[in-house]
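First residue of the sequence shown: 1, per the working numbering; consecutive thereafter. For each residue, glycine too, the CB sits at the ideal point set by N, CA and C. These notes are about the structure you will find just below.
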Amino acid sequence: MQKIFKVGVLTSGGDAPGMNAAIRAVVRKGIFNRLRVFGINHGYQGLIHKDIREMQVGSVADIIHRGGTILRTARSEEMRTPEGQRLAAETLLEYEIDALVVIGGDGSFKGAQTLSAQGIKVIGIPGTIDNDIPGTELTIGFDTAVNTVVDVISKIRDTATSHERTFIVEVMGRDCGSIALRAGLASGAESILVPELEQSLDDVVLKLKKGFARGKNHSIIIVSEGVGSGYQIGEEIYKKSGFDTKVTVLGHLQRGGSPSALDAVIASAMGGKAIDLLLAGKSNMMTAYVNQKVVGVPMEVAYGEKKGLDMDLYNLAGELSI
Ligand code: F6P
C-alpha cells in the first residue's frame with residue numbers, strides 16, 4: 001500500500017454549519033496519525049491558485065462551534081474546465097500532497113473525481129444544508145438548518161396568530177424538499193410544498209379555508225425554493241383565498257449559525273473517517289451516515305439514484321395538519 005504523508009483539505013460550494021468541525025477533525029486526526037495537513041483556502045479556486053497553508057493543532061482551536069468555514073469556500077468556474085482541473089492537480093503534485101479531503105456537495109465531489117482521474121487520492125465529506133446527497137442519511141449542516149427554520153417559524157407563528165394571517169415561508173434546498181419537509185413537520189405547518197411532488201394550490205387553499213372555518217386563526221405554509229418563488233405562491237394563494245397573506249423568504253440565514261450537536265458530532269466523525277479511509281489506502285470514497293454510524297461508501301453513490309422524499313414523513317405531516 002502506498003503510504004501517505006501529506007493531506008490537503010478544502011471546503012467547496014455553499015457553506016454549511018459543521019464544516020469547521022469537519023475541518024478540525026481532519027486536521028487533528030491527521031496530525032494524531034503523524035500526517036502533515038494542509039488547508040486550502042477558497043475551495044478549488046485556492047487549489048488552482050495555490051492559496052495553501054500548513055495547519056497545526058492550534059489552527060483549528062476554537063472553531064468546532066462556529067458556523068461558516070475558516071477555509072472559506074467558493075463555487076469555482078475554473079474547476080469545471082479541463083485546464084482548471086489540470087492546474088489543481090499540478091498544485092497538489094508541487095506541494096507533494098498525496099491526498100485531498102473535499103468537504104462539500106455533489107458539485108464539489110465532481111471536482112474531486114476529476115482529480116482522482118489524474119491519480120490523486122480523494123475522499124469526499126458531504127457538507128450541504130440541502131441533504132440531497134444519495135448514500136448518506138444526513139449531510140453536514142442539514143440538522144442545523146432545519147432547527148434554524150423551526151426556530152424562525154415559531155417566531156412567525158406568534159405574529160401570525162396575533163394578526164390572524166397566513167404566512168408563506170420559503171426555505172432553501174435547491175431541488176430537494178428535505179428542509180421543507182422536516183421543518184414543516186417539526187413546526188406543525190399546515191401545508192408543505194416540495195419540488196418532488198405535484199401539489200395543487202387549490203387543495204392548499206381548500207385546506208386553509210377548512211381550517212379557518214373550524215376556528216383556526218393563522219396558517220403556515222412552507223414552500224421549498226425548488227417549487228418556485230414564495231412571493232408568487234403567496235400572491236396566488238391570496239387571490240384564491242382572499243386571506244391576509246404575508247411572505248417570508250428565509251434565505252441565507254439558514255446557512256449560518258453554530259452547528260447543532262448532531263451536526264458537530266457527524267462532522268467530527270466524518271472528518272475522522274476520512275483520515276481512516278486514507279490511512280487504509282482508500283480513495284474515491286465518500287463518508288456517509290448510515291444507521292447512525294459513519295461509514296465509507298464509493299463516491300459514485302453520490303451520483304446514484306436521486307434521494308427520494310421521505311413519503312412516510314410527508315404523509316404523516318398531512319395527517320397531522322388536518
Ligand atoms: O446548496 C446550498 C444552498 O444554500 C441551496 O439551498 C441554495 O439553493 C443555494 O445553496 C444558494 O446558493 P448561493 O449561496 O450561491 O446563492
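- Buried is the label assigned to Val146, since at least 16 other Cβ atoms lie within 10 Å of its Cβ.
- For Pro126, the pairing in a beta bridge is given by DSSP as Gly104.
- The beta carbon of Arg182 lies closer than 6 Å to those of Val146 in the same chain, with the five residues before and after it left out.
- Counting along the chain, the unbroken alpha helix (DSSP H) around Thr159 starts and ends at Phe142 to His163.
- Placement of the Cβ of Glu196 at a distance of 7 Å or more from every heavy atom of the ligand F6P is found.
- Placement of the Cβ of Gly39 at a distance of 7 Å or more from every heavy atom of the ligand F6P is found.
- Per DSSP, reduced to three states, the secondary structure at Leu193 is strand.
- Nearest in C-alpha terms to Pro134, of all of Asp106, Asp263 and Thr114, is Asp106.
- Per DSSP, Arg72 lies in no alpha helix (DSSP H) segment and is marked neither H nor E.
- Segment contact: the segment 111–125 against the segment 78–93, three or more CB-CB distances shorter than 8 Å; contact assigned.
- Per DSSP, the beta bridge partners of Pro298 are Met285.
- Just so you know, the alpha carbons of Ile48 and Leu10 end up roughly 12 Å apart.
- When Cβ pairs closer than 8 Å are counted between the two stretches, the segment 164–184 is seen to touch the segment 121–141, the count reaching three or more.
- In the structure shown, the three-state DSSP call for Thr11 is strand.
- Leaving aside the five residues that flank Arg36 on each side, the residues in its chain whose CB is nearer than 6 Å to its CB run, in chain order, Lys6.
- Of the candidates Ser59, Val149, Glu305 and Ile123, the residue whose Cα lies closest to the Cα of Asp98 is Ile123.
- Here Met270 carries a helix assignment [DSSP, helix/strand/coil].
- Secondary structure at Ala261: helix, using DSSP grouped into helix, strand and coil.
- Within 10 angstroms of the beta-carbon of Met270 lie 16 or more other beta-carbons, which makes it buried.
- Straight-line spacing of the CA atoms in Val26 and Gly257 works out to 21 Å.
- Around the beta carbon of Arg24, a 10 Å sphere encloses 16 or more other beta carbons of the protein chains shown; the residue is thus reported as buried.
- Distances from the CA of Glu300 to each of Thr136, Met55 and Leu100 were compared; the closest alpha carbon is that of Thr136.
- With respect to the 8 Å criterion, Ile40 and Ile52 are classified as neighbours on the basis of their beta carbons.
- Minimum Cα-Cα distance from Ile140 among the listed residues Asp151, Thr148 and Gly104 corresponds to Gly104.
- Counting along the chain, no beta strand (DSSP E) covers Arg66, and no H or E run does either.
- Pairing Arg157 with Lys246 gives a Cβ-Cβ distance that is not under 8 Å.
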